[in-house]
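Each remark here refers to the structure printed beneath this line.
2 protein chains.
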Amino acid sequence: MKIIRTVKALRKELSRRRTDGKRIGFVPTMGYFHEGHFSLMRRSVKENDVTVVSLFVNPLQFGPREDLAKYPRDLKRDRRMAGKAGVDLLFVPSVREMYSSEPLAYIEVGRIGAALCGASRPGHFRGVATVVAKFLNIVQPEVMYLGQKDAQQSAVIRRMVLDLNFPVRLVVAPTVREADGLAMSSRNVYLSPSERREAPALYKALQAARRSVLSGESDGKKIISEIKKLILEETNASIEYVSLVELGCFSPVRRIEGDVLIALAARFGGTRLIDNVIVRGHAKR
Amino acid sequence: MKIIRTVKALRKELSRRRTDGKRIGFVPTMGYFHEGHFSLMRRSVKENDVTVVSLFVNPLQFGPREDLAKYPRDLKRDRRMAGKAGVDLLFVPSVREMYSSEPLAYIEVGRIGAALCGASRPGHFRGVATVVAKFLNIVQPEVMYLGQKDAQQSAVIRRMVLDLNFPVRLVVAPTVREADGLAMSSRNVYLSPSERREAPALYKALQAARRSVLSGESDGKKIISEIKKLILEETNASIEYVSLVELGCFSPVRRIEGDVLIALAARFGGTRLIDNVIVRGHAKR
Chain S
1 MKIIRTVKAL RKELSRRRTD GKRIGFVPTM GYFHEGHFSL MRRSVKENDV
51 TVVSLFVNPL QFGPREDLAK YPRDLKRDRR MAGKAGVDLL FVPSVREMYS
101 SEPLAYIEVG RIGAALCGAS RPGHFRGVAT VVAKFLNIVQ PEVMYLGQKD
151 AQQSAVIRRM VLDLNFPVRL VVAPTVREAD GLAMSSRNVY LSPSERREAP
201 ALYKALQAAR RSVLSGESDG KKIISEIKKL ILEETNASIE YVSLVELGCF
251 SPVRRIEGDV LIALAARFGG TRLIDNVIVR GHAKR
Chain E
1001 MKIIRTVKAL RKELSRRRTD GKRIGFVPTM GYFHEGHFSL MRRSVKENDV
1051 TVVSLFVNPL QFGPREDLAK YPRDLKRDRR MAGKAGVDLL FVPSVREMYS
1101 SEPLAYIEVG RIGAALCGAS RPGHFRGVAT VVAKFLNIVQ PEVMYLGQKD
1151 AQQSAVIRRM VLDLNFPVRL VVAPTVREAD GLAMSSRNVY LSPSERREAP
1201 ALYKALQAAR RSVLSGESDG KKIISEIKKL ILEETNASIE YVSLVELGCF
1251 SPVRRIEGDV LIALAARFGG TRLIDNVIVR GHAKR
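Taken in order, these protein sequences are the chains called S and E. Counting from 1, one number per residue, gives the positions in the first sequence under the working numbering. Counting from 1001, one number per residue, gives the positions in the second sequence under the working numbering.
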């Protein structure tokens, strides 16, 4: 596996392989890899001739009071893990390399990026969409792999790809979880031992909600308060949001009739965790 | 020359030629071709294996009270002219084809798009940048050709390409003019005979300003009022703006010390014309 630090060097590597007709898969990451990243890398390696993984903690998607400076980093470990997954090129650009001039051009993704995480993190999805557009233009992959855990991020990127005709296919792979159900996240390392014991309650509450919907409950409000109640009973977390939204456009759902995304964000001390499930509702008229 | 109406068909045509290692040149237009368009097409034909020209009157870049509906169109004539220039593929998508879903994702280009034409046409450069990004993703050309007449448009696109790492080289070709100096524009057909006689005064005033700068005048304000005076003396036009700005970032210039763009917009009746010159100032300290 090669580590590459400049756009120019990466383009050179890729142009050679592209001329040979190689199929390129791409996994964008902020590093500090866990099993979730690993499964995306493995899948790309399996489905393509060349796999590029970007490792870049993107300042544009962090707010001024967020955890940019203390976001966990461990290049040595990441390198080992990417190598083990069979990754060909690990792209690790500096902030200066990615934003050599003050970035004036950026991508907005309208209301999909405004709700849920976007409400508490203004500018976050603009930063995500902008850096992913840059990577797509640098790597020019056939396929890009994202994780379902960041559901809103996937929806924003899916809409950007559609609206701006990016020539790439998106694969959104299922969330990988710890044995007790906690969604894998680089931020899990921030949790204290007691917070770590409580955190699986998030997924437990989402699963209970899924069971409610599947057994006929279609009132969005009831589902939301059920989830909140379960989380507050079992943890000391503060809930940021629990939302039911339509899958594609992220519009709020009051009465569940089709596929919905149930998504939540909660804080354990200073650590913000997110999780979600997709549930197919029963249309009843 | 082939006329192509869908993104899918165009991608198919191009993917075949790309596999054969053909070099693709691209000229985005709104049609109603004049010698300016023709010179861009000729240049692309000369410098590339395949030339794609898009012909699309983009609703996203027109304001609600602008001339979208009456923008001049003549596909038959355009087709003949593109064929004569040696264009390979003329891409003429419908509005529905380009914006099949409500466009949520768009590209903003910060302050470069806010001044000059952007001030009187809010949202205009967002519309331009967004549709050009779409075309770049659909055509994936090696080179894109733009005209210097739309100087701010070129600057906006240049910045978008730079900031978002679009893998394309930009060529900005000189403005093509009528014998009397009037910049070629599809909108010139709107001019009444008397307006047409007056319109060359715009370029005459810009040339006079250029001479002033070259002979040592470095006071931006003076240059601007000189231009305004000349135009008001020789025409019945109403001036929208006359501005001196830095070439790359479009910041206003008070004291001319390096390369500047002198740009203006004026209305002859209902017809809005723009023009500009680039002048190299004398650094004097």
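Ideal placement from N, C-alpha and C gives every residue a C-beta, glycine not left out. Just so it is clear, the structure is predicted and the values come from calculations on it, not from any experiment.
Exercise for the section: May I ask you to list, following chain order, the residues of the segment 1153-1178 of chain E that have a beta carbon less than 7 Å from some beta carbon of chain S? Expected result: Arg-1159, Met-1160, Leu-1162, Asp-1163, Leu-1164, Asn-1165, Phe-1166, Pro-1167
Practice task
Look at the alpha carbon of S:Leu-10 and the alpha carbon of S:Ser-243, and state the distance between them as a whole number of angstroms.
Solution key: For the purposes of this step, residue 10 of chain S is taken as residue 10 along the first sequence, with counting starting at 1. For the purposes of this step, residue 243 of chain S is taken as residue 243 along the first sequence, with counting starting at 1. Cα to Cα, S:Leu-10 sits roughly 40 Å from S:Ser-243.
Practice task
Compute the beta-carbon to beta-carbon distance between S:Arg-79 and S:Leu-90, rounded to the nearest angstrom, for a pair I have assumed lies under 8 Å.
Solution key: Against the first sequence, residue 79 of chain S aligns to sequence position 79. Against the first sequence, residue 90 of chain S aligns to sequence position 90. Confirmed, about 7 Å.
Problem - Secondary structure of E:Lys-1076, DSSP reduced to three states - result: As a position in the second sequence, residue 1076 of chain E is number 76, starting the count at 1. Secondary structure of E:Lys-1076 (DSSP, three-state): helix.
Problem - Those residues which DSSP pairs with E:Glu-1246 across a bridge - result: For the purposes of this step, residue 1246 of chain E is identified with residue 246 of the second sequence, where counting begins at 1. DSSP lists E:Val-1260 as the beta-bridge partner residues of E:Glu-1246.
Problem - In DSSP terms, what E:Lys-1002 is bridged to - result: For the purposes of this step, residue 1002 of chain E is identified with residue 2 of the second sequence, where counting begins at 1. The partner list for E:Lys-1002 (beta bridge, DSSP) reads E:Leu-1089.
Practice task
Can you have a look at S:Ala-105 and say buried or exposed, based on whether 16 or more other CB atoms are within 10 angstroms of its CB?
Solution key: As a position in the first sequence, residue 105 of chain S is number 105, starting the count at 1. Buried is the label assigned to S:Ala-105, since at least 16 other Cβ atoms lie within 10 Å of its Cβ.
Practice task
Under 7 Å Cβ to Cβ from E:Gly-1269, same chain only, skipping five residues before and after it: list those, please.
Solution key: Start at 1 with the first residue of the second sequence, and residue 1269 of chain E comes out as number 269. Answer for E:Gly-1269: Ser-1192, Glu-1195, listed in chain order.
Practice task
Could you name the residues of the segment 101-133 of chain S whose beta carbon sits closer than 8 Å to any beta carbon of chain E, in the order they occur along the chain?
Solution key: Ser-101, Pro-103, Leu-104, Ala-105, Tyr-106, Ile-107, Glu-108, Val-109, Gly-110, Arg-111, Ile-112, Ala-129, Thr-130, Ala-133
Handout entry: Beta carbon proximity, S:Thr-6 to chain E, threshold 9 Å
Key = For the purposes of this step, residue 6 of chain S is taken as the residue at position 6 of the first sequence. Closer than 9 Å to the CB of S:Thr-6 there is not a single CB belonging to chain E.
Handout entry: Local conformation of S:Arg-285 per DSSP, three classes
Key = One-based indexing of the first sequence puts residue 285 of chain S at position 285. In this predicted model, S:Arg-285 has a pLDDT of only 42, less than 50, meaning its place in the structure is not dependable; the value taken from the coordinates is given anyway. Note: S:Arg-285 maps to coil in three-state DSSP.
Handout entry: Interface flag, E:Lys-1002 vs chain S, CB-CB below 9 Å
Key = Stepping through the second sequence from its first residue, residue 1002 of chain E is reached at position 2. Not closer than 9 Å to any Cβ of chain S, the Cβ of E:Lys-1002 fails to qualify, so no.
Problem - CB contact check: E:Gln-1061 to chain S, cutoff 9 Å - result: Sequence index remark: in the second sequence, residue 1061 of chain E carries index 61 (1-based). So, not an interface residue.
Exercise for the section: Give me the Cα-Cα distance between S:Gly-118 and S:Phe-125, rounded to the nearest whole angstrom. Expected result: Counted from its first residue, the first sequence places residue 118 of chain S at position 118. Counted from its first residue, the first sequence places residue 125 of chain S at position 125. Each residue's Cα considered, the two are about 7 Å apart.
Handout entry: Interface residues of the segment 1030-1056 of chain E facing chain S [CB-CB below 9 Å]
Key = none
Practice task
With DSSP collapsed to three states, give me the class of E:Arg-1169.
Solution key: Working through the second sequence from its first residue, we reach residue 1169 of chain E at position 169. Residue state, collapsed to three classes: strand.
Practice task
Please confirm if S:Asn-137 has its CB atom under 9 Å from at least one CB of chain E.
Solution key: Looking up residue 137 of chain S in the first sequence gives position 137. Yes, because at least one Cβ of chain E sits closer than 9 Å to the Cβ of S:Asn-137.
Handout entry: Beta-carbon proximity of S:Arg-111 to S:Phe-250, cut-off 9 Å
Key = Mapped onto the first sequence, residue 111 of chain S falls at position 111. Mapped onto the first sequence, residue 250 of chain S falls at position 250. Contact: yes.
Practice task
Evaluate the contact criterion for the segment 210-222 of chain S versus the segment 233-241 of chain S: three or more CB pairs, one atom per stretch, below 8 Å.
Solution key: no
Problem - Check whether E:Met-1030 and E:Ser-1154 have beta carbons under 9 Å apart - result: Here residue 1030 of chain E corresponds to residue number 30 of the second sequence, with the count starting at 1. Here residue 1154 of chain E corresponds to residue number 154 of the second sequence, with the count starting at 1. No; because the gap between Cβ atoms is not below 9 Å, this pair is not in contact.
Handout entry: Residues that S:Gln-207 contacts on chain E, provided the C-beta gap is smaller than 7 Å
Key = Position 207 of the first sequence holds residue 207 of chain S. Per Cβ cutoff of 7 Å: no residues; S:Gln-207 is ~31 Å from chain E at best.
Exercise for the section: In the DSSP assignment, find the unbroken beta strand (DSSP E) run with S:Arg-279 in it and report its ends. Expected result: As a position in the first sequence, residue 279 of chain S is number 279, starting the count at 1. Per the sequence shown, the amino acid found at residue 279 of chain S is Val instead of Arg. From DSSP, the beta strand (DSSP E) with S:Val-279 extends over 271-280.
Handout entry: chain S residues whose Cβ lies nearer than 7 Å to that of E:Gln-1140
Key = Your numbering for residue 1140 of chain E matches position 140 in the second sequence. Neighbours of E:Gln-1140 on chain S, chain order: Pro-167.
Practice task
Give the DSSP-derived three-state secondary structure of E:Phe-1038 in the structure shown.
Solution key: Numbered from 1 along the second sequence, position 38 holds the residue referred to as residue 1038 of chain E. Note: E:Phe-1038 maps to helix in three-state DSSP.
Exercise for the section: Could you give the DSSP three-state label for S:Gly-220: helix, strand or coil? Expected result: Taking the first residue of the first sequence as position 1, residue 220 of chain S is located at position 220. It is helical.
Practice task
Answer yes or no: does any C-beta atom of chain B fall closer than 9 Å to that of S:Gly-220?
Solution key: No chain B appears in the structure shown, which is made up of the protein chains S and E.
Exercise for the section: Out of E:Gly-1248, E:Glu-1198, E:Val-1213, state which residue places its alpha-carbon closest to the alpha-carbon of E:Glu-1234. Expected result: Within the second sequence, residue 1234 of chain E is the residue found at index 234, counting from 1. Nearest of E:Gly-1248, E:Glu-1198, E:Val-1213 to E:Glu-1234, Cα basis: E:Glu-1198.
Problem - Three-state secondary structure (DSSP) of E:Thr-1290 - result: Residue 1290 of chain E is absent from the structure shown; chain E starts at 1001 and stops at 1285.
Handout entry: Range covered by the alpha helix (DSSP H) that runs through S:Ile-24
Key = Stepping through the first sequence from its first residue, residue 24 of chain S is reached at position 24. Residue range 24-29 is occupied by the beta strand (DSSP E) that includes S:Ile-24, with no alpha helix (DSSP H) assigned at that position.
Problem - Beta-carbon proximity list for E:Val-1189, same chain, < 7 Å, skipping 5 on both sides - result: Walking along the second sequence from the start, residue 1189 of chain E turns up at place 189. Only Pro-1072 meet the Cβ criterion.
Handout entry: Beta-carbon contacts of S:Arg-255 that lie in its chain and below 8 Å, excluding the five residues immediately before and after
Key = Position 255 of the first sequence, counting from 1, holds the residue named residue 255 of chain S. So the qualifying residues of the chain are Ser-218, Asp-219, Gly-220.
Practice task
Kindly indicate if chain S contains any beta-carbon less than 9 Å away from that of E:Thr-1019.
Solution key: Position 19 of the second sequence, counted from the first residue, corresponds to residue 1019 of chain E. Yes, because at least one Cβ of chain S sits closer than 9 Å to the Cβ of E:Thr-1019.
Handout entry: Close beta carbons around E:Leu-1157, own chain, < 6 Å, minus the five adjacent residues each side
Key = Taking the second sequence and counting its residues from 1, the one referred to as residue 1157 of chain E is at position 157. In the sequence on display, residue 1157 of chain E carries Ile and not Leu. Correct list, in chain order: Val-1132.
Problem - Distance between S:Ser-54 and S:Tyr-32 (C-alpha atoms, nearest Å) - result: By one-based count along the first sequence, residue 32 of chain S stands at place 32. By one-based count along the first sequence, residue 54 of chain S stands at place 54. Spanning the two alpha carbons is a distance of roughly 12 Å.
Exercise for the section: Measure the alpha-carbon distance for S:Phe-2 versus E:Thr-1271 and round it to whole angstroms. Expected result: Start at 1 with the first residue of the first sequence, and residue 2 of chain S comes out as number 2. Start at 1 with the first residue of the second sequence, and residue 1271 of chain E comes out as number 271. The residue you asked about is not Phe; residue 2 of chain S is Lys in the sequence shown. For S:Lys-2 and E:Thr-1271, the distance between alpha carbons rounds to 58 Å.
Practice task
With a threshold of 16 other CB atoms inside 10 Å of the CB of S:Arg-42, please say whether the residue is buried or exposed.
Solution key: Start at 1 with the first residue of the first sequence, and residue 42 of chain S comes out as number 42. Flag for S:Arg-42 reads buried.
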